[in-house]
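Residue numbers for the sequence shown follow my numbering, so the first one is -5 and each next one is one higher.
Quick reminder that beta carbons are idealized off the backbone N, C-alpha and C, glycines included.
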Amino acid sequence: MRQTGCSEEELFSFLSAKRREDLGYKHVLSSMCTPPHPVALRAHSMFIETNLGDPGLFQGTASLEKLLIESLGTLLHNPDAVGYATSGGTESNIQALRIAKKLKRAGSPNVIAPASVHFSFEKACDILGLEMRTAPLDKDFRVDVEQVESLIDRDTVALIGVAGTTEYGMVDPIRDLAEIGEEREIFVHVDAAFGGLVLPFLENPPDFDLSLPGVSSIAVDPHKMGMSTMPVGSLLLRDDPGLLESLSVDTPYLTVKREYTLTGTRPGAPVAAALAVLDYLGMDGMRAVVTGCMKNTHRLIEGMETFGYPRAVTPDVNVATFVCGDGAALPAGWHLSRTRQGHTRIVCMPHVHRDVVEEFLRDVGESIC
Ligand code: 0PR
C-alpha cells in the first residue's frame, strides 16, 4: 500500500486501464454470465451497502430475499418452498449436500452424480467427506438411470440430477431420479443453476422441479439466465423448514440468534437486483428473453451444420455444441470453449443477440474459405 494516497483522477485512470484489459461480452460465447439487465443495475446500486448477514439491520432487504424465494418457489411449483439467496450454484450445491448428509446416518456416505455434473460437486464432496460416485451418460449426454440405480447402496445420502448441464445443456431424467429417491428414501438434489431460469419459459419443458414429490432441493442462479448482477444464486427446499434449520449455528451477537447460510456477510444488492429483473419482466418478459436465446441457439446449430460442423447433440437449453475436430479453422477473435469430450461449445446468453450469431457464422464461413 502507498504511504500517501493518490488522486481520484490517477486512481480512476488506472482502474479504467485495467477494465479495458477485460474482454467485452460481445465476442464472449463461452460464458454463463451476461451483462446485467438495466433494472438490475439500478436496484443493485440502491442496495449497495446492505448486508443480509445481519438481517435485523436490513429488514427491507431481508423481506426482498423472502419475496425472491417465494417468486422462484412459485415458478418451480412449490410456493411454500423454503430457501435463501446464496452466492451462486457452488454454495447451493454444497449446502444441499450438507443437508442430505445430516439427514441420513451413513458409515461412509456417498452421493451419486451424473458424469456431466459441475465441478462444484467435487468441491462439496471434498469439504463434506462424501464419496462421489459418477454415473455414466447415455448417447444424448443425459445420466443413465439404470447405472444410477446400480450405484446406490445403504450409504447413499443423495442422488444428483442436472437440469441444464454446463457443457451440453441437457436435462437429466429428473422424474425417474425423483421416483427412485422417493421409493428408496434418498434425498434428490437438482442442479438447475443454469436451466432453472430457462426451462419454466419453454413450450413443453421436461419435469425437473419441485412439482415432482421426490425432488428435495433445487439450485437456481439468478446471476446466470436471471440477468441479475453477481453474485446471487438460490437454494430452494421442499416446504420443510427443518431442512434448513438442520444447518443452523448460534449467532449470539447478531440481530438474529441463528444462521443457516454458508457465508456470513452476504450482499443484499444482487438479491434486490434478482427480484427487480423478475418483477420488471414478469413471465411474459422472461419468456421473450428465453425464446430469443433458444431461437439463436437453433439458428447457430443450423448455420454451423451448413459449414459441415454437426451438432454434438440437440440441447434442451441454450448451449450449443459441435463436432469440429482438431484441425477445424474456427475464426479468431471469438471466445469459445471446449467440452471435456472435445466438442466446441457456445452458450447463447442474452448478450449473444441474433446479429452476433450472424456475425460469428459469417466469420466461420470466411475462415473455411
Ligand atoms: N451448476 C451448474 C450447472 C453450472 O453451470 C455452474 C457454473 C455451477 C453449478 C456453479 O455456479 P457458480 O459458478 O455460480 O458457483 N457454470 C459455469 C462454469 O463454471 C459458470 C461460468 C460463468 C463459466 C461464466 C464461465 C464464465 O465465463 O462453467
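> Where does Arg356 fall in DSSP's three states?
Replying inline: In the sequence shown, the residue the question calls residue 356 occupies position 362. Helix at Arg356.
> Between the C-alpha atoms of Ser222 and His21, what's the straight-line distance to the nearest angstrom?
Replying inline: One-based indexing of the sequence shown puts residue 222 at position 228. One-based indexing of the sequence shown puts residue 21 at position 27. Going by the C-alpha atoms only, they are around 20 Å apart.
> Can you tell me whether DSSP reads Leu292 as helix, strand or coil?
Replying inline: Taking the sequence shown and counting its residues from 1, one reaches residue 292 at position 298. Note on identity: in this sequence residue 292 is His, with Leu being the wrong assignment. Looking at His292 - three-state DSSP - the assignment turns out to be helix.
> So, are the CB atoms of Gly227 and Glu85 less than 8 Å apart?
Replying inline: Counting from 1 along the sequence shown, the entry for residue 227 is found at position 233. Counting from 1 along the sequence shown, the entry for residue 85 is found at position 91. By the CB criterion at 8 Å, Gly227 and Glu85 fall inside the cutoff.
>> Beta-carbon within less than 8 Å of Thr333's beta-carbon, same chain only, minus the 5 sequence neighbours each way: which residues are those?
In response: The count along the sequence shown starts at 1 and reaches residue 333 at position 339. Once the five neighbours on either side are set aside, the close Cβ partners of Thr333 are Glu161, Tyr162, Ala306, Thr315, Arg339.
> What residue from Val214, Met224, Ala11 has the CA that sits closest to Leu231's CA?
Replying inline: Here residue 231 refers to the residue found at position 237 of the sequence shown. When each option's Cα is compared against that of Leu231, the closest is Val214.
> To which residues of the same chain is Ala263 closer than 7 Å at the C-beta, ignoring the five residues directly before and after it?
Replying inline: Position 269 of the sequence shown, counted from the start, is the residue given in the question as residue 263. So the list reads His38, Phe41, Ile42, Thr44, Thr223, once near-sequence residues are dropped.
>> Among Arg136, Leu131, Thr245, Asp233, whose alpha-carbon lies nearest the alpha-carbon of Thr68?
In response: Translated into positions along the sequence shown, residue 68 becomes position 74. Cα-wise, what sits closest to Thr68 is Asp233.
> Taking Cβ to Cβ, would you say Ile168 is nearer than 8 Å to Val142?
Replying inline: As a position in the sequence shown, residue 168 is number 174, starting the count at 1. As a position in the sequence shown, residue 142 is number 148, starting the count at 1. Contact flag unset, no.
>> I need the straight-line Cα distance from Ala282 to Leu17, nearest angstrom please.
In response: Position 288 of the sequence shown holds residue 282. Position 23 of the sequence shown holds residue 17. Whole-angstrom Cα-Cα distance: 27 Å.
> Going along the chain, which residues put their C-beta within less than 5 Å of some heavy atom in the ligand 0PR?
Replying inline: Ser25, Met26, Cys27, Gly82, Gly83, Thr84, His112, Ser114, Thr160, Asp185, Ala187, Phe188
> Touching or not, the segment 152 to 160 and the segment 185 to 192, by the rule of three or more beta carbon pairs under 8 Å?
Replying inline: The segment 152 to 160 vs the segment 185 to 192: in contact.
>> Output needed for Met343: all residues of its chain with C-beta closer than 6 Å, excluding positions within five of it in sequence on either side, in chain order.
In response: On the sequence shown, position 349 is the one that residue 343 refers to. Result list for Met343: Thr28, in chain order.
>> Quick check on the burial criterion: 16 or more other C-beta atoms within 10 angstroms. Buried or exposed for Val250?
In response: Position 256 of the sequence shown, counted from the first residue, corresponds to residue 250. Exposed: under 16 other Cβ atoms inside 10 Å.
> CB Pro108 to CB Lys95, shorter than 8 Å?
Replying inline: To locate residue 108, count along the sequence shown from 1; it is residue 114. To locate residue 95, count along the sequence shown from 1; it is residue 101. For Pro108 and Lys95, no; Cβs fall outside 8 Å.
>> Is it buried or exposed, Phe135, if we count other Cβ atoms within 10 angstroms and call 16 or more buried?
In response: Position 141 of the sequence shown, counting from 1, holds the residue named residue 135. Its Cβ being crowded by 16 or more others within 10 Å, Phe135 is buried.
> Identify the residues that DSSP records as bridge partners of Leu229: which are they?
Replying inline: The residue given as residue 229 occupies position 235 in the sequence shown. Bridge partners of Leu229: Tyr78, Ala213.
> Sorted by chain position, which residues of the same chain lie with C-beta nearer than 7 Å to Leu66's C-beta, five sequence neighbours on each side aside?
Replying inline: The residue given as residue 66 occupies position 72 in the sequence shown. Result list for Leu66: Val214, Ser228, Leu230, in chain order.
> Which ranges does the alpha helix (DSSP H) cover as unbroken runs of at least 4 residues, wholly within the segment 257 to 323, from first to last along the chain?
Replying inline: 263 to 300
> So, helix, strand or coil for Leu5, using DSSP?
Replying inline: Within the sequence shown, numbered from 1, the residue matching residue 5 stands at position 11. It is helical.
> Identify the residues that DSSP records as bridge partners of Leu145: which are they?
Replying inline: Mapped onto the sequence shown, residue 145 falls at position 151. Residue pairing by DSSP places Leu145 opposite no residue, since no beta bridge is assigned to it.
> Between Leu269 and Leu46, which are expected to be in contact by the criterion C-beta below 8 Å, what is the C-beta distance as a whole number of angstroms?
Replying inline: If you number the sequence shown from 1, residue 269 lands on position 275. If you number the sequence shown from 1, residue 46 lands on position 52. Rounded, the Cβ-Cβ distance is 13 Å, inconsistent with contact.
> By Cβ distance below 6 Å, which residues in the same chain neighbour Gly190 in space, the five residues on each side in sequence not counted?
Replying inline: For the purposes of this step, residue 190 is identified with residue 196 of the sequence shown, where counting begins at 1. Val214.
> Considering only C-alpha positions, which residue in the set Leu35, Ala266, Tyr303 is nearest to Gly54?
Replying inline: Your numbering for residue 54 matches position 60 in the sequence shown. Considering only alpha carbons, the answer is Ala266.
> Would you call Phe195 buried or exposed, if buried means 16 or more other Cβ atoms sit within 10 Å of its Cβ?
Replying inline: Your numbering for residue 195 matches position 201 in the sequence shown. With 16 or more Cβ atoms within 10 Å of its Cβ, Phe195 is classed as buried.
>> For the alpha helix (DSSP H) containing Leu40, name the first residue and the last one.
In response: As a working mapping, residue 40 is identified with position 46 in the sequence shown. The sequence given here has Met at residue 40, not Leu. Residues 32 to 40.
> For Pro199, which of Glu140, Met126, Met288, Glu239 has the nearest alpha-carbon?
Replying inline: As a working mapping, residue 199 is identified with position 205 in the sequence shown. When the alpha-carbon of Pro199 is set against those of Glu140, Met126, Met288, Glu239, the nearest one is in Met288.
> alpha helix (DSSP H) containing Asn87: first to last residue?
Replying inline: Residue mapping note: residue 87 aligns to position 93 of the sequence shown, counting from 1. Here the alpha helix (DSSP H) through Asn87 covers 83 to 97.
>> Give me, in chain order, the residues of the same chain whose beta-carbon lies closer than 7 Å to that of Phe301; leave out the 5 immediate sequence neighbours on both sides.
In response: As a working mapping, residue 301 is identified with position 307 in the sequence shown. Excluding positions up to five away in sequence, the list reads Val358, Gly359, Ile362.
> Quick one: what's got a C-beta closer than 7 Å to Leu131's C-beta in the same chain, skipping five residues either side?
Replying inline: Taking the sequence shown and counting its residues from 1, the one referred to as residue 131 is at position 137. Cβ neighbours of Leu131 beyond the five flanking positions: Pro108, Ala109, Ser110, Val137, Asp138.
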